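For reference, the structure discussed in these notes is given below.
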Amino acid sequence: MSPRRSVTDARETRSAILARGVELATVEGLDGLTIGRLAADLGLSKSGVLGHFGAKEALQLAVIDTAAEQFGREVVEPSAGTTPGLPRLRALCEAWLVYLTHPCGGFFLSAAAEFDRRPGPVRDAIAGMSALWQRDLRMHITLALADGDLTGDADQILFNLVGTVLAANHALHLTGDAQALPHARHALQTQLPTSPPTLTRQQP
């Protein structure tokens with residue numbers, strides 16, 4: 002086998018491990034990731050999996066990075082053609098809702114619940130990804146407020162949007178509510194109207 006092919010095989014194996022890792026972690030948690038489970042699922046030796054990461058924490062961190070790349074492809078990139086501000090904000094939130102229905106769509110929501118009270122590098126990585134995502138949402142909220150397309154407080158609007166998606170994920174996967182997405186879309190429509198808000202004229 003040529004050195005180039007060997008490198009390519011190693012990259013493909015690593016990608017397969019991480020893709021399966023995201024799938025498992027979404028359902029069973031990042032703590033549920035084990036070298037043995039991944040090796041068995043992918044038909045690899047334990048040493049073949051361990052050699053790519055060296056330790057469980059390194060595997061968890063690499064899985065978080067892979068999940069972030071997936072989120073970018075499925076949620077952020079499809080919305081890139083929309084106008085910054087309210088149109089982009091609506092597109093991002095809709096894509097986020099749709100992503101919840103994907104097999105790995107709830108990865109970060111599950112990981113956040115699993116590690117929110119557990120200090121360390123894994124929690125820091127999850128919190129960092131969440132902060133970046135909320136920074137992007139806040140940027141478009143701020144633009145929409147400046148354009149007059151939204152009124153209110155940016156922090157409160159962001160809190161409401163994140164809360165809506167969290168509630169949708171809960172209803173979709175925990176209770177199996179068939180109306181989870183329609184209810185979430187109605188809530189988002191209320192928070193992010195398609196037409197500019199009507200301002201109440203102050204009496205002199």
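Using the numbering used here, the first residue of the sequence shown is number 2, and each one after it goes up by one. Ideal Cβ positions, reconstructed from N, Cα and C, are used throughout, including at glycine. This one's a predicted model, so the numbers in the text were calculated from it and none came from an experiment.
Host alpha helix (DSSP H) of residue i (start-end)
i: GLU75; result: Element bounds for GLU75: n/a, residue is neither H nor E.
i: LEU133; result: 122-148
i: LEU110; result: 108-116
Reference residue i, options the options, closest by Cα
i: ARG139; options: ASP156, VAL28, ALA185, HIS103; result: ASP156
i: VAL166; options: GLU75, GLY82, LEU101, LEU60; result: LEU101
i: ALA59; options: ALA96, ARG186, GLU24, ILE18; result: ILE18
i: ILE158; options: GLN71, GLN192, VAL77; result: GLN192
i: ALA172; options: VAL8, VAL23, ALA185; result: ALA185
i: ALA181; options: ARG21, LEU98, GLN190, ASP66; result: LEU98
i: VAL23; options: GLU78, ARG12, SER7, GLU70; result: GLU70
i: THR83; options: GLN61, LEU39, LEU93; result: LEU93
i: GLU78; options: GLU95, ALA20, ALA63; result: GLU95
Three-state secondary structure assigned by DSSP to residue i
i: PRO88; result: helix
i: LEU45; result: coil
i: LEU193; result: coil
i: PRO20; result: First, the amino acid is wrong: residue 20 is Ala here, not Pro. In the structure shown, ALA20 sits in a helix (DSSP, three-state: H, G or I).
i: CYS94; result: helix
i: ARG12; result: helix
i: HIS53; result: helix
i: ALA81; result: coil
i: ARG38; result: helix
i: GLY33; result: helix
Assess, as a yes-or-no matter, whether the region 128-148 is touched by the region 89-103 under the definition of 3 or more beta carbon pairs within less than 8 Å. Three or more Cβ pairs drawn from the region 89-103 and the region 128-148 lie within less than 8 Å of each other, which places the two stretches in contact.
Please determine if the region 171-185 and the region 115-123 are in contact, where contact requires at least 3 C-beta pairs separated by less than 8 Å. These segments do not touch.
For the 8 Å Cβ check, are there 3 or more pairs between the region 35-50 and the region 128-136? No: fewer than three Cβ pairs fall under 8 Å.
Could you check whether the region 26-40 touches the region 95-112, counting it as contact only if at least three pairs of C-beta atoms, one from each stretch, sit closer than 8 Å? With the cut-off at 8 Å, the region 26-40 and the region 95-112 touch.
Which runs of the beta strand (DSSP E), 3 residues or longer, sit entirely within the region 147-188? List check, beta strand (DSSP E) in window: nothing returned.
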